[in-house]
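Trainee:
Number of protein chains: 2
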Amino acid sequence: MKRVLIDMDEVIADPMGAMITWYEKEYGGKVDYSKMDGSWAYGFPEEHRHLIRPKLNEPGFFRHLPVMKDAVAVLEEINKKYELFIVSAAMEFPNSLKDKLEWLGDHFPFITWQQVTLCGDKRLVSGDFMIDDHTKNLDTFGGKQYLFTSPHNLSVDKYDRINSWEEAAKIFLS
Amino acid sequence: MKRVLIDMDEVIADPMGAMITWYEKEYGGKVDYSKMDGSWAYGFPEEHRHLIRPKLNEPGFFRHLPVMKDAVAVLEEINKKYELFIVSAAMEFPNSLKDKLEWLGDHFPFITWQQVTLCGDKRLVSGDFMIDDHTKNLDTFGGKQYLFTSPHNLSVDKYDRINSWEEAAKIFLS
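First to last, the protein sequences are chains A and B.
This note's numbering puts the first residue of the first sequence at 48, with every later residue one more than the last.
This note's numbering puts the first residue of the second sequence at 48, with every later residue one more than the last.
1. Who are the neighbours of LYS145 of chain A on chain B, taking C-beta pairs under 8 Å?
2. For the segment 160–175 of chain B, which residues have a CB atom closer than 8 Å to at least one CB atom of chain A, in sequence order?
3. Excluding five sequence neighbours on each side, which residues of the same chain lie with their C-beta closer than 7 Å to the C-beta of GLU149 of chain A?
4. Going by alpha carbons, who is nearest to PHE155 of chain A out of A:GLU214, A:SER221, A:VAL78 and A:VAL119?
5. For a quick check, are the C-beta atoms of LEU131 of chain A and ALA137 of chain A less than 8 Å apart?
6. Between the segment 166–182 of chain A and the segment 197–217 of chain A, can you find at least three pairs of beta-carbon atoms closer than 8 Å?
7. Between GLY167 of chain B and GLN162 of chain A, which are expected to be in contact by the criterion C-beta below 8 Å, what is the C-beta distance as a whole number of angstroms?
8. For the segment 61–109 of chain A, which segments carrying the alpha helix (DSSP H) assignment without a break, of at least 4 residues, lie completely within its bounds, in sequence order?
9. For VAL172 of chain B, is the beta carbon positioned less than 7 Å from some heavy atom of the ligand GTP?
10. Could you work out which residues of chain B lie near GLU149 of chain A, taking near to mean beta carbons separated by less than 8 Å?
11. Name the chain A residues whose beta carbon is nearer than 8 Å to that of PHE132 of chain B?
12. Leaving out the 5 sequence neighbours to the left and right, which residues in its chain are closer than 7 Å to SER86 of chain A when beta-carbon positions are compared?
13. How about VAL263 of chain B and ASP54 of chain B: are their beta carbons less than 8 Å apart?
14. Please confirm whether MET138 of chain B has its beta-carbon closer than 8 Å to some beta-carbon of chain A.
15. Tell me where the alpha helix (DSSP H) around GLU149 of chain A begins and ends.
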């Protein structure tokens, strides 16, 4: 069985979406998607950008994120045909660790705790395929890399892209 | 720089010792080290063995563990000469995740969050050296394996052993 490593944030979970919803409600501001090249934080007005980091480390933030469209159904099938691992560079936000594991349990109950890795640096992990929205994670991976499209990585052209889980299904399940 | 992966429990941290201290104080029982072959839990009287699992998942248990003798000084030196990563199969105990990261921060402040991986299965990680007390973790590792001696693995003879951090220093630092 080939091994597929799948990232969480901006790939199966939507912290950017949750942050925007929270920000627009609490501060009445508007994010600018056209400024997100490099980091989605750049889409937030500069005077409010400092709000993002503490929010990301707030207990509960990663516990209640929206799930990316079609991720559950497609991962359930990938999980039958591949050795599936969830790999999230979560260590920067200590309060996210348990939240992320429990969020996975809620939405992806077919993924066991044995299949979850929370790390600080993805150089350590190996497998046949990696799906991630960050080039820094893909750059050091020894297998086939797929960049999962996100507003912050639209200008990247060094990796094959997956634009949606529907598209991922065509690659991995057909 | 060669990469060294180092386990936490029974290698740099002492959950077995903390469990024994707690058990003997709370229940007045005695553990039998000669029965620990395969698992240190076997050293506990059978009627009290069910106490161990909930205790391991109690918030705070992994936050206040004793540090293994000489581990801090030797890891500090290893960290200068190698690419050091801490890899702990912690995912079974969700409440341990943040505790483990904070415990590392207290005792090993020279180890950054980038160097920490908490996982469910160590098959995923790769490197040049692994120091671990469990054969299941060493078995799938592609580099050189060292079994860190612990009461539960005394009968294992398939790997080179490290019996103490003083001994590790001789192997890695001389």
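Beta carbons: idealized from backbone N, C-alpha and C, even for Gly.
Treat the numbers as computed from the prediction; the structure is a model and nothing was measured.
Mentor: So, from the listed chains and residues:
1. As a working mapping, residue 145 of chain A is identified with position 98 in the first sequence. The contacting residues are PRO141, ASN142, LEU144 and LYS145.
2. TRP160, GLN161, GLN162, VAL163, THR164, LEU165, CYS166, GLY167, ASP168, LEU171, VAL172, SER173 and GLY174
3. To locate residue 149 of chain A, count along the first sequence from 1; it is residue 102. Contacts found: ARG110.
4. Within the first sequence, the letter at position 108 stands for residue 155 of chain A. It is A:VAL119 whose Cα lies nearest to the Cα of PHE155 of chain A.
5. As a working note, residue 131 of chain A is residue 84 in the first sequence. As a working note, residue 137 of chain A is residue 90 in the first sequence. Not a contact, by the Cβ cut-off of 8 Å.
6. yes
7. Start at 1 with the first residue of the second sequence, and residue 167 of chain B comes out as number 120. Start at 1 with the first residue of the first sequence, and residue 162 of chain A comes out as number 115. That pair is a contact at about 6 Å.
8. 62–74 and 99–103
9. Of the ligands one can find in the structure shown there are none, so the ligand GTP has no counterpart to examine.
10. By one-based count along the first sequence, residue 149 of chain A stands at place 102. Going along chain B in sequence order, the residues near GLU149 of chain A (Cβ under 8 Å) are PRO141.
11. Reading the second sequence from its first residue, position 85 is the one you call residue 132 of chain B. By Cβ distance, chain A contributes ASP168 and LEU171.
12. What you label residue 86 of chain A is simply residue 39 of the first sequence in a count that begins at 1. Excluding positions up to five away in sequence, the list reads HIS199.
13. A question about residue 263 of chain B goes unanswered here, because the residues of chain B that appear run from 48 up to 221.
14. Here the question's residue 138 of chain B lines up with position 91 in the second sequence. Yes, MET138 of chain B counts as interfacial toward chain A.
15. Residue numbering aside, residue 149 of chain A sits at position 102 when the first sequence is read from its first letter. Unbroken alpha helix (DSSP H) run through GLU149 of chain A: 143–154.
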